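Chemist:
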Amino acid sequence: GNSVTQMEGPVTLSEEAFLTINCTYTATGYPSLFWYVQYPGEGLQLLLKATKADDKGSNKGFEATYRKETTSFHLEKGSVQVSDSAVYFCALSVNNYGQNFVFGPGTRLSVLP
Amino acid sequence: DGGITQSPKYLFRKEGQNVTLSCEQNLNHDAMYWYRQDPGQGLRLIYYSQIVNDFQKGDIAEGYSVSREKKESFPLTVTSAQKNPTAFYLCASLDSFMNTEAFFGQGTRLTVV
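Which chain is which? The protein sequence lines are A and B, in order. The numbering used here numbers the first residue of the first sequence as 150 and each following residue consecutively. The numbering used here numbers the first residue of the second sequence as 5 and each following residue consecutively.
(1) My understanding is that G109 of chain B touches G192 of chain A, with C-beta atoms under 8 Å, so please give their C-beta distance in whole angstroms.
(2) Along chain B, in chain order, which residues have C-beta atoms closer than 7 Å to that of P189 of chain A?
(3) Return no unless some Cβ of chain A is closer than 9 Å to the Cβ of G20 of chain B.
(4) Let's test the definition: count the other Cβ atoms within 10 Å of the Cβ of V231 of chain A and tell me whether it reaches 16, buried, or not, exposed.
(5) Hey, how far is the Cα of T220 of chain A from the Cα of Y174 of chain A?
(6) By Cβ distance, which residues of its chain are closer than 7 Å to G6 of chain B, with the 5 residues on each side in sequence left out?
(7) Do K18 of chain B and T112 of chain B come within 9 Å of each other at the CB atom, strictly closer than that value?
(8) Going straight from the alpha carbon of G178 of chain A to that of V117 of chain B, what length do you get?
(9) Starting from G111 of chain B, find everything on chain A with Cβ-Cβ shorter than 8 Å and list it in chain order.
(10) At least one CB of chain A closer than 9 Å to the CB of A106 of chain B: is that the case?
(11) Verify the CB distance criterion: does S242 of chain A have a CB-CB separation below 9 Å to chain B?
(12) Scan the stretch 192-225 of chain A for residues whose Cβ lies nearer than 8 Å to a Cβ of chain B and list them as they occur along the chain.
(13) Which chain A residues are close to Y37 of chain B, counting only those with a beta carbon under 8 Å from its beta carbon?
(14) Fully enclosed by the stretch 193-228 of chain A, which alpha helix (DSSP H) runs are 4 residues long or longer?
Structure, rendered in structure tokens:
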């Protein structure tokens, strides 16, 4: 079956620190990979995505590279800000009939000034 | 503007009552999903629907019911059989044939009083 594993945190960093949130996946077929962000009391927003191996998704200083050989899609940011405090979800989607969108458990990030 | 709308944002229910949460999308997406999120937790899939007049149980369907009479609408009913309904409910939609990202509503916070 399809599944996503990510570090559950919580992760606490100081402002301007380097961020890595690990994500690995198991999938049948060729998945697309996503990172979503959830701010308190809100729905999920797409942060970035990659649709094939070696693609790099990027947005707002965040980056993640689709690594087929290691089945990973780690999220990175070189210098976090207090406003980046949120919950981050790794997810995959496979193009077949059924439950084709799967989320990881989420990682809570707190950035301190 | 295209999007996915959940209503109401906040909902209070007395014990023993059924309540229906609305989810509407104008993105022409075929697939729609309902998730439950408890405080500090990840997303758990309640029901999903790939096409009109068809839906499937997710991981925690007991005490919930859905319908998919129109492509645009996927209402969720929380029945009195759901013993612990207080939670944040999220609706999502996606174009499953294009294997693109899921779009989320802003969520409904249901509280049993």
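We put the CB at the ideal spot given by N, CA and C, even for glycine. Computed from a predicted model, the values in this text were never measured in an experiment.
Modeler: In brief:
(1) G192 of chain A and G109 of chain B do touch by the CB rule: their CB atoms are close to 5 Å apart, below 8 Å.
(2) For P189 of chain A, there are no C-beta contacts with chain B under 7 Å, since the nearest C-beta of that chain is about 11 Å from it.
(3) Taking 9 Å as the threshold, the shortest C-beta distance from G20 of chain B to chain A does not fall below it.
(4) Flag for V231 of chain A reads exposed.
(5) Going by the C-alpha atoms only, they are around 6 Å apart.
(6) The residues are N30 and L31.
(7) In this structure, K18 of chain B does not lie closer than 9 Å to T112 of chain B by Cβ.
(8) Going from the Cα of G178 of chain A to the Cα of V117 of chain B covers about 46 Å.
(9) Residues of chain A whose Cβ lies closer than 8 Å to the Cβ of G111 of chain B are, in chain order, G190, E191 and G192.
(10) Contact with chain A is found for A106 of chain B, since one of that chain's Cβ atoms lies less than 9 Å from the residue's Cβ.
(11) Yes - at least one Cβ of chain B is within 9 Å of the one on S242 of chain A.
(12) Here the close residues are G192, L193, Q194, L195, K198 and T200.
(13) Close to Y37 of chain B, with beta-carbon spacing below 8 Å, are these residues of chain A in chain order: F250.
(14) You should have found no qualifying run.
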